[in-house]
Amino acid sequence: MRYGAVLVTPWEVSISAPSTVSPNERFKVTATVTYPVVAPFGSQQFPTFTAEDFQVVLDPDAGLSVAKAPDTSRIDTFSAGGTVELSWTLKAGSTEGAYSFEILATGLVSGSLGLWKDYPAYDYQDLIGGSGVWSVHVSDT
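So, in structure tokens, the structure goes:
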């Protein structure tokens, strides 16, 4: 007996940034977004799904602000097995303390499945993505 399946894995978002910065300091944040493919998917028998409408947002706590965000307009689609690296410039506020930010990356996967045995054909669209969180300490020392 043969069965059909669709598997869409969450994206991995890894973040690189300093763990400590000075008050009012500007610092670089880099996120690497990976769209993993789990075997046996990614083969001719089990194709992958390209994500459209790629978006990425950095959401900082109060006490941090985005000074410069990456231009993601050039990223129209994101293929399974692919990796995208993006960078921001953040600015620490004047108040010392521990702050964090989240980076959320999303896209849409869609497709069609044909009639199969007792199952009707259908079209689908799903949101896919992943997130990462980073903490930074703002300190004068």
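In the working numbering, the protein residues as written are 639 to 779.
Backbone N, C-alpha and C fix where the C-beta goes; we use that ideal spot for every residue, glycine too.
Please read these numbers as outputs of a predicted model, since none were measured by experiment.
Taking C-beta atoms under 8 Å as the contact rule, V776 and E734 qualify, at a distance of about 5 Å. A distance below 8 Å separates the beta carbons of E740 and S769. Counting C-beta pairs closer than 8 Å gives fewer than three between the segment 699-707 and the segment 756-763, which falls short of the contact rule. The shortest C-alpha to C-alpha distance from T779 to any of D756, I653, V651, S660 is the one to S660. Assignment of Y737 by DSSP, reduced to helix, strand and coil, places it in the strand class.
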